[in-house]
Amino acid sequence: GQQVMQIPQYQHVQEGEDFTTYCNSSTTLSNIQWYKQRPGGHPVFLIQLVKSGEVKKQKRLTFQFGEAKKNSSLHITATQTTDVGTYFCAVNDYKLSFGAGTTVTVRA
Amino acid sequence: NAGVTQTPKFQVLKTGQSMTLQCAQDMNHEYMSWYRQDPGMGLRLIHYSVGAGITDQGEVPNGYNVSRSTTEDFPLRLLSAAPSQTSVYFCASSYKGYGTDTQYFGPGTRLTVL
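What follows is the structure, given as structure tokens:
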């Protein structure tokens, strides 16, 4: 399957601050999905991006697909304790291939 | 709808034992898959199925068998458990499996092999 690299692996954020996590590929991606996994839980689908340059927002979360469709980003504004967890990007081309994830912890 | 269910939630095995992890979905999804999750490595695909009677290997299939006799069920069998198979196992399903399909995950089975 297609390989996607996520950075950073860990993100320690002060409550109220913004942060961004990135998903990069060396090849053009057909689509990119983002999932969130709370500690002790299972991955839950957040959003899907398909078009070049696409930007989608979910409240404080902004997802972007690069113009060349080789990278994607998730930006969270005004981080809250509810944002704690691991965020995965994944490529769905019959075998869903996951990045290693960005694990987010929040300092109150 | 119960969604995707997995049993057991926790399991401890001794090296060499065999067992079956159960997975079932009630959403009439054609596509089902098994992943294992290890720290720092994301989720890695073990086996998947695009419909009843059809299975294929994923990224890390060695030591695992699957079968898909019905649309609803997709059990994962560990033939002879090894400590390297200590992991969290997730079953997932989706309508067709490719392209823009959303994957729905079960709650996971936490397996320890001693």
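Residue numbers (the numbering used here), protein chains in the order written: chain A, 21 to 128; chain B, -19 to 94. We put the beta carbon where it would ideally sit given N, CA and C, even for glycine. These figures come from a predicted structure and were not determined experimentally.
Report task. Just confirm the distance between the C-beta atoms of ALA120(A) and TYR55(A), as a whole number of angstroms; I'd bet it's less than 8 Å. Result -> Taking the first residue of the first sequence as position 1, residue 120(A) is located at position 100. Taking the first residue of the first sequence as position 1, residue 55(A) is located at position 35. Not a contact, Cβ separation roughly 13 Å.
Requested in this report: Mind listing the chain A neighbours of THR(-13)(B)? Cutoff is C-beta to C-beta under 9 Å, in chain order.
Outcome: Your numbering for residue -13(B) matches position 7 in the second sequence. Under the 9 Å cutoff, chain A gives no residues; its nearest Cβ is about 14 Å from THR(-13)(B).
Report task. Put ASP113(A) into one of helix, strand or coil per three-state DSSP. Result -> If you number the first sequence from 1, residue 113(A) lands on position 93. In the three-state scheme derived from DSSP, where H, G and I count as helix and E and B as strand, ASP113(A) is classed as coil.
Query raised in the report: Which residues, in order along the stretch 63 to 76 of chain A, keep a beta-carbon less than 8 Å from a beta-carbon of chain B?
Result: PRO63, VAL64, PHE65, GLN68, VAL70
Requested in this report: Just tell me which of THR122(A), ILE96(A), THR125(A), CYS43(A) has its CA closest to the CA of LYS90(A).
Outcome: Taking the first sequence and counting its residues from 1, one reaches residue 90(A) at position 70. Comparing Cα positions, the closest option is CYS43(A).
Query - Counted within 10 angstroms of its Cβ, other Cβ atoms place PHE(-10)(B) as buried (16 or more) or exposed - result: Your numbering for residue -10(B) matches position 10 in the second sequence. By the 10 Å Cβ count, PHE(-10)(B) comes out exposed.
Report task. Using a Cβ cut-off of 8 Å, pull out every chain A residue sitting near HIS81(B), in sequence order please. Result -> What you label residue 81(B) is simply residue 101 of the second sequence in a count that begins at 1. The amino acid occupying residue 81(B) in the given sequence is Asp; His does not appear at that position. Those are ASN112, listed as they occur along chain A.
Query raised in the report: What does PHE83(A) reach in chain B if we use C-beta pairs closer than 7 Å?
Result: On the first sequence, residue 83(A) is found 63 positions in, with the first residue counted as 1. Ordered by position in chain B, no residue passes the 7 Å Cβ test against PHE83(A), which lies about 14 Å from the chain.
Requested in this report: In the DSSP assignment, find the unbroken beta strand (DSSP E) run with LYS56(A) in it and report its ends.
Outcome: For the purposes of this step, residue 56(A) is taken as residue 36 along the first sequence, with counting starting at 1. Here the beta strand (DSSP E) through LYS56(A) covers 52 to 57.
Report task. Report yes if the CB atom of GLN34(A) is closer than 8 Å to the CB atom of GLN53(A), and no otherwise. Result -> As a first step, residue 34(A) must be located in the first sequence, where it is residue number 14. As a first step, residue 53(A) must be located in the first sequence, where it is residue number 33. Not a contact, by the Cβ cut-off of 8 Å.
Query raised in the report: Which class does ASP103(A) belong to by DSSP, given the choice of helix, strand or coil?
Result: As a working mapping, residue 103(A) is identified with position 83 in the first sequence. Three-state result, ASP103(A): helix.
Query raised in the report: Which of helix, strand or coil does DSSP assign to GLN65(B)?
Result: Locating residue 65(B) in the second sequence gives position 85, where the first residue counts as 1. Of the three classes helix, strand and coil, the one that applies to GLN65(B) here is helix, per DSSP.
Query raised in the report: To the nearest angstrom, how far is it from the Cα of LEU59(B) to the Cα of PRO28(A)?
Result: Residue mapping note: residue 59(B) aligns to position 79 of the second sequence, counting from 1. Residue mapping note: residue 28(A) aligns to position 8 of the first sequence, counting from 1. For LEU59(B) and PRO28(A), the distance between alpha carbons rounds to 37 Å.
Report task. Report all residues from its chain with a CB closer than 7 Å to the CB of GLY107(B); omit the five preceding and five following residues, and keep chain order. Result -> No information on residue 107(B) is available, as it lies outside the stretch -19 to 94 that chain B covers here.
Query - Nearest-angstrom beta carbon gap, THR99(A) and GLY36(A) [assumed within contact, 8 Å] - result: The residue labelled residue 36(A) in the question sits at position 16 within the first sequence. The residue labelled residue 99(A) in the question sits at position 79 within the first sequence. That pair is a contact at about 7 Å.
**Report entry** Whole-Å CB distance - PHE70(B) paired with SER29(B), under 8 Å assumed
**Finding:** Reading the second sequence from its first residue, position 90 is the one you call residue 70(B). Reading the second sequence from its first residue, position 49 is the one you call residue 29(B). Actually they are not in contact, since the Cβ atoms of PHE70(B) and SER29(B) sit about 15 Å apart, beyond 8 Å.
Query raised in the report: Since VAL68(B) contacts GLY88(B) with CB under 8 Å, what's their CB separation in whole angstroms?
Result: Along the second sequence, read from residue 1 onward, the residue named residue 68(B) stands at position 88. Along the second sequence, read from residue 1 onward, the residue named residue 88(B) stands at position 108. Sure, about 5 Å apart at Cβ, within 8 Å.
Query raised in the report: If THR(-15)(B) and GLY86(B) are in contact, beta carbons under 8 Å, what's the gap, nearest whole angstrom?
Result: To locate residue -15(B), count along the second sequence from 1; it is residue 5. To locate residue 86(B), count along the second sequence from 1; it is residue 106. At roughly 6 Å, the Cβ-Cβ gap stays under 8 Å, so THR(-15)(B) and GLY86(B) are in contact.
Query - Interfacial residues, the stretch 35 to 62 of chain B to chain A, with Cβ spacing under 8 Å - result: GLY38, GLU39
Requested in this report: Can you check DSSP and say which residues form a bridge with VAL(-1)(B)?
Outcome: In the second sequence, residue -1(B) corresponds to position 19, counting from 1. Reading the sequence as shown, one finds Met at residue -1(B) and not Val. LEU58(B).
Query raised in the report: Opposite ILE26(B) in the DSSP bridges: which residues?
Result: The residue given as residue 26(B) occupies position 46 in the second sequence. Paired residues: none, contrary to the question.
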